[in-house]
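With the numbering used here, letter number 234 in the sequence shown gets 235, and the count goes up by one each step, no holes. Working notes, structure below.
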Amino acid sequence: MKSIRIAVPALLSERKKRYHLAKIALKRKQNTPHDAYSVRDFYFGAYESEWVSPYTKSAANLNADVMVLLQDWASKEYLSKKFRPELALLGLDPKLPTSQRLDRLLTHHLNLRLCDTFATNLNPFIKQGSLSAAMTWQNLLFCAEQYALPQIEIISPRLVICLGLNVFNALSIAAGGVRHKRLDNAIKAPFLLLSQNGNFCYVFAQSHTGFHGYTSRNRNNRQQVELDWNQMMSHFKYEFSPY
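Now the structure itself:
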């Protein structure tokens with residue numbers, strides 16, 4: 002495992018964590034990129050939240066050992082359709098397979114529910130196009146530096162699970178690491194993210210739990226995703242004894 006050292010604040014109380022996260026959320030609200038939209042731009046801000054990403058509404062354990070990092074929350078096309086009360090309330094659509102599979106994998110491999118973790122999105126803005134629309138590498142890297150890494154520093158988890166190659170690569174490069182060409186290579190190359198006060202977290206890549214990411218990873222072996230998560234957890238049989 003490659004170790005990458007970055008500057009992080011000292012251990013924070015839950016109150017201080019919430020305070021610092023609110024500052025990052027305010028930064029997000031005040032600095033929407035020209036090629037994206039703000040969460041508040043849809044349905045008079047009904048989807049807005051106190052968090053950097055609305056997804057955190059359903060996974061806001063500020064003292065979580067496990068942090069989940071997805072790529073982006075929603076798209077203009079998706080949010081411009083009918084109003085979704087559950088999405089506004091929960092920060093996710095419980096009917097979509099992305100969160101359903103993620104919750105199942107967390108339960109099976111870590112004995113956790115999604116609500117027991119701290120989960121957020123690398124890109125906290127609303128992208129143009131559909132939910133499957135691609136993002137530029139520059140935007141991914143910018144969001145990793147400005148939003149993802151600071152949240153990791155504040156929460157101080159022991160395990161960060163990056164869903165998708167782009168998410169893992171952006172976080173790795175932002176922290177001074179390397180970029181991988183293939184997901185299978187990234188899954189085999191977790192890194193140890195060290196803070197100056199001695200705290201650390203392991204950062205792992207996993208396939209995205211949406212339809213395309215999940216089925217693509219399982220194309221040659223229907224159990225490949227399960228094997229990937231088993232491999233990840235083998236690194237924690239001592240650090241995470243309850244699991």
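Ideal placement from N, C-alpha and C gives every residue a C-beta, glycine not left out.
query = So Lys30 packs on Ile156, CB below 8 Å; how close in whole Å?
reply = As a working note, residue 30 is residue 29 in the sequence shown. As a working note, residue 156 is residue 155 in the sequence shown. Rounded, the Cβ-Cβ distance is 20 Å, inconsistent with contact.
query = What span of residues does the alpha helix (DSSP H) with Ser225 cover, start to end?
reply = Position 224 of the sequence shown, counted from the start, is the residue given in the question as residue 225. The sequence given here places Gln at residue 225; Ser does not occur at that position. From DSSP, the alpha helix (DSSP H) with Gln225 extends over Gln225 to Ser235.
ask   = Can you tell which of Phe205, Tyr203 and Val226 has the C-alpha that lies nearest to the C-alpha of Gly214?
value = Along the sequence shown, read from residue 1 onward, the residue named residue 214 stands at position 213. Looking at the Cα atoms, Val226 is the closest of the given residues.
key: Burial state of Gly211, where buried means 16 or more other Cβ atoms lie within 10 Å   = Position 210 of the sequence shown, counted from the first residue, corresponds to residue 211. Classification for Gly211: buried.
key: Beta-ladder partner(s) of Ala120, from DSSP   = Position 119 of the sequence shown holds residue 120. Answer is Val69, bridged to Ala120.
ask   = Would DSSP call Lys93 helix, strand or coil?
value = Numbered from its first residue, the sequence shown carries residue 93 at position 92. According to the sequence as given, residue 93 is Leu; it is not Lys. The answer is coil: DSSP assigns Leu93 none of H, G, I, E or B.
request  = Return the CA-CA distance between Leu103 and Trp230, expressed in angstroms with no decimal places.
outcome  = The sequence position of residue 103 within the sequence shown is 102, counting from 1. The sequence position of residue 230 within the sequence shown is 229, counting from 1. Those two C-alpha atoms are separated by around 11 Å.
query = Distance, Cα to Cα, Arg85 vs Tyr56?
reply = For the purposes of this step, residue 85 is taken as residue 84 along the sequence shown, with counting starting at 1. For the purposes of this step, residue 56 is taken as residue 55 along the sequence shown, with counting starting at 1. Answer to the nearest angstrom: the Cα atoms are 14 Å apart.
ask   = So what does Tyr38 bridge to, in DSSP terms?
value = Counting from one through the sequence shown, the residue named residue 38 turns up at place 37. According to DSSP, which records beta bridges pairwise, Tyr38 is partnered with Ile127.
task = Give me the Cα-Cα distance between Glu15 and Asn170, rounded to the nearest whole angstrom.
result = Residue numbering aside, residue 15 sits at position 14 when the sequence shown is read from its first letter. Residue numbering aside, residue 170 sits at position 169 when the sequence shown is read from its first letter. The alpha-carbon atoms of Glu15 and Asn170 are separated by roughly 29 Å.
inquiry  = DSSP three-state label for Leu164, please.
reply    = In the sequence shown, the residue the question calls residue 164 occupies position 163. Residue state, collapsed to three classes: strand.
query = Over what stretch of residues does the alpha helix (DSSP H) that includes Phe212 continue unbroken?
reply = Along the sequence shown, one-based indexing puts residue 212 at 211. Here the alpha helix (DSSP H) through Phe212 covers Phe212 to Arg218.
task = May I have the straight-line CA-CA distance separating His109 from Leu115, to the nearest angstrom?
result = Your numbering for residue 109 matches position 108 in the sequence shown. Your numbering for residue 115 matches position 114 in the sequence shown. Those two C-alpha atoms are separated by around 12 Å.
key: Spatial distance of Tyr44 from Asp94 (CA atoms)   = The residue you call residue 44 lines up with position 43 of the sequence shown. The residue you call residue 94 lines up with position 93 of the sequence shown. The straight-line gap from Cα to Cα measures roughly 16 Å.
task = Mind reading off the beta-carbon distance from Ala187 to Ala206? Whole number of angstroms is fine, and I expect it under 8 Å.
result = On the sequence shown, residue 187 is found 186 positions in, with the first residue counted as 1. On the sequence shown, residue 206 is found 205 positions in, with the first residue counted as 1. Right, the Cβ-Cβ distance comes to about 4 Å (below 8 Å), so this counts as a contact.
query = Looking at the C-beta of Val226, does it have a partner C-beta in chain B at a distance below 9 Å?
reply = Absent here is chain B; the protein component of the structure consists of one chain.
query = Leaving out five residues before and five after Ala26 in sequence, what residues of the same chain have Cβ atoms less than 7 Å from its Cβ?
reply = Here residue 26 refers to the residue found at position 25 when the sequence shown is read from its first residue. Answer for Ala26: Glu51, Trp52 and Val53, listed in chain order.
request  = Could you tell me which residues DSSP puts in a beta bridge with Ser76?
outcome  = Sequence index remark: in the sequence shown, residue 76 carries index 75 (1-based). According to DSSP, Ser76 bridges with Lys128.
task = For Ala60, name the three-state secondary structure that DSSP assigns.
result = Taking the first residue of the sequence shown as 1, we reach residue 60 at position 59. Ala60: coil per DSSP, three-state reduction.
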